[in-house]
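There are 2 protein chains.
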Amino acid sequence: MLIGELARETACDSETIRFYEKEGLISAPARSSSGYRRYQQEHVGQLNFVLHCRSLGMSLAEIRTLSAFRRDPSLACVEINTLIDGHIEQVHQQIETLKRLEQQLHALRQRCQEGTDAAHCGILQTLVQAAEGEGCVCHDAPLHTPGTAHPH
Amino acid sequence: MLIGELARETACDSETIRFYEKEGLISAPARSSSGYRRYQQEHVGQLNFVLHCRSLGMSLAEIRTLSAFRRDPSLACVEINTLIDGHIEQVHQQIETLKRLEQQLHALRQRCQEGTDAAHCGILQTLVQAAEGEGCVCHDAPLHTPGTAHPH
DNA sequence: GCTTGACCTTATAGTAGCTCCAAGGTTTGA
DNA sequence: TCAAACCTTGGAGCTACTATAAGGTCAAGC
């Protein structure tokens, strides 16, 4: 199987497959005499595993760790649980942060309902005032939202 | 005011201030004879505006657009509303996506409650099966979570 | 006058997870 | 024989910073 066929089968871009190989997330396939990558069925499984984990928002580092357990199933799974728990907590924090953000944005949006010019735009006024005034309490909570994954 | 003082006053790193200047988000200050940046009160306002918008999760491109309206208040504010609405929608989508993700992760976590080895770890088994099976419906929704901002 | 330390400058490289492009080689079908 | 569709590598680009190196400046203390 050439890289293009694997790409179609897994709905993953060829470039991304090469990238995952370089990053050690999938094993390097055999090469044809002309240097083309020749994939086997096992690579489909490996790649799908990575893509599935990515779709669950895991980082490449986390997936590398899980892959190690996949390769050597004698290892303790406590670490797997810890990894998943950590990831759940991360996602939970992101949700909470984004919810607060959503509320702030809705409040901001309320300030301008009609289309005039920017001089009278309540949104802009609010943003400028918030930046200049000391009493702005709407952004004292940290925002940390690490990027998550692409569709699988 | 030197860059360090502005940094302390706004709780923004000096490097980041220079970066914002290079990106055109704040105006370039006058320089002393030795090349040091000399900031005025207006720069504090500009920088706080940027930081506040960042704390609301806006991208630098969005902030550039808002800054233009701030500089020229005769422009229509319809675009401001559109920008904010788009941003709210983005945040809303992120929240929905992350909520689905959270549920999937909780379901996954249920698969392994006790610490044995990875061979019998339900989490790993589930991940591997999900990757290999066709019938995995748990990751057909796209995940797009652009990074958001740091605390202000 | 000299040294020390805190400040400032620019330029460059690194982070995550890809994505895109250029310049070339290979294979397949008409 | 030729074109289209594939493949290769290497490098740059994206976001929003962060970190480092190598050097210049300035004020205080001795």
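If you read the sequences in order, they're chains A and B.
For the first sequence, my numbering gives the first residue as 181, with consecutive numbering after it.
For the second sequence, my numbering gives the first residue as 181, with consecutive numbering after it.
No residue lacks a Cβ here, since even glycine has one placed at the ideal position from N, Cα and C.
Taking 8 Å as the threshold, find out whether the stretch 266 to 273 of chain A comes into contact with the stretch 272 to 282 of chain B through three or more Cβ pairs.
yes
Interface partners of E282(B) on chain A, CB under 8 Å:
Residue mapping note: residue 282(B) aligns to position 102 of the second sequence, counting from 1. Here the neighbours are I268, V271, H272 and I275.
I183(A) vs R217(A) beta-carbon contact at 9 Å
If you number the first sequence from 1, residue 183(A) lands on position 3. If you number the first sequence from 1, residue 217(A) lands on position 37. The answer is yes: Cβ separation under 9 Å.
Considering only DSSP beta bridges, list what A287(B) is partnered with.
What you label residue 287(B) is simply residue 107 of the second sequence in a count that begins at 1. A287(B) pairs with nothing; no bridge assigned.
So, is G237(A) buried or exposed, given that buried needs 16 or more other C-beta atoms within 10 angstroms?
Indexing the first sequence from 1 puts residue 237(A) at position 57. Buried.
Give me the residue from Y200(B), M181(B), I264(B) and S214(B) with the minimum Cα distance to I303(A).
Walking along the first sequence from the start, residue 303(A) turns up at place 123. Here the closest residue by C-alpha is I264(B).
Going straight from the alpha carbon of L285(B) to that of R289(A), what length do you get?
Against the second sequence, residue 285(B) aligns to sequence position 105. Against the first sequence, residue 289(A) aligns to sequence position 109. Cα to Cα, the separation comes out at about 33 Å.
Can you name the residues of chain A whose CB is closer than 8 Å to the CB of F199(B)?
Here residue 199(B) is taken as the residue at index 19 of the second sequence, counted from 1. Ordered by position in chain A, no residue passes the 8 Å Cβ test against F199(B), which lies about 18 Å from the chain.
Per DSSP, what kind of secondary structure is E314(B) in: helix, strand or coil?
Numbered from its first residue, the second sequence carries residue 314(B) at position 134. Any reading at E314(B) is ruled out, since the residue's pLDDT is 41, under 50, leaving its predicted position unreliable.
By the criterion of Cβ-Cβ separation under 9 Å, what are the contact partners of H223(A) in chain B?
Position 43 of the first sequence, counted from the start, is the residue given in the question as residue 223(A). In chain order: nothing, as chain B lies at least about 12 Å away.
Does any C-beta atom of chain A lie closer than 9 Å to the C-beta of A241(B)?
Position 61 of the second sequence, counted from the first residue, corresponds to residue 241(B). Output row for A241(B): interface = no.
Per DSSP, cross-strand counterpart(s) of A210(A)
Position 30 of the first sequence, counted from the start, is the residue given in the question as residue 210(A). Answer by DSSP bridge pairing, in chain order: R218(A).
Contact under 9 Å by Cβ, L240(B) with I206(B)
The residue you call residue 240(B) lines up with position 60 of the second sequence. The residue you call residue 206(B) lines up with position 26 of the second sequence. Cβ atoms of L240(B) and I206(B): not closer than 9 Å.
Just reading off the alpha helix (DSSP H) that E189(A) is part of, what are its end residues?
As a first step, residue 189(A) is located in the first sequence; it is residue number 9 there, counting from the start. First-last of the alpha helix (DSSP H) with E189(A): I183 to T190.
Could you list which residues in chain A have their beta carbon closer than 7 Å to that of A310(B), in chain order?
For the purposes of this step, residue 310(B) is taken as the residue at position 130 of the second sequence. Those are H232, listed as they occur along chain A.
Which chain A residues are close to K279(B), counting only those with a beta carbon under 7 Å from its beta carbon?
Within the second sequence, residue 279(B) is the residue found at index 99, counting from 1. Near K279(B) (Cβ distances below 7 Å), the residues of chain A are I275.
Taking Cβ to Cβ, would you say L231(A) is nearer than 9 Å to C192(A)?
As a first step, residue 231(A) is located in the first sequence; it is residue number 51 there, counting from the start. As a first step, residue 192(A) is located in the first sequence; it is residue number 12 there, counting from the start. For L231(A) and C192(A), yes; Cβs fall inside 9 Å.
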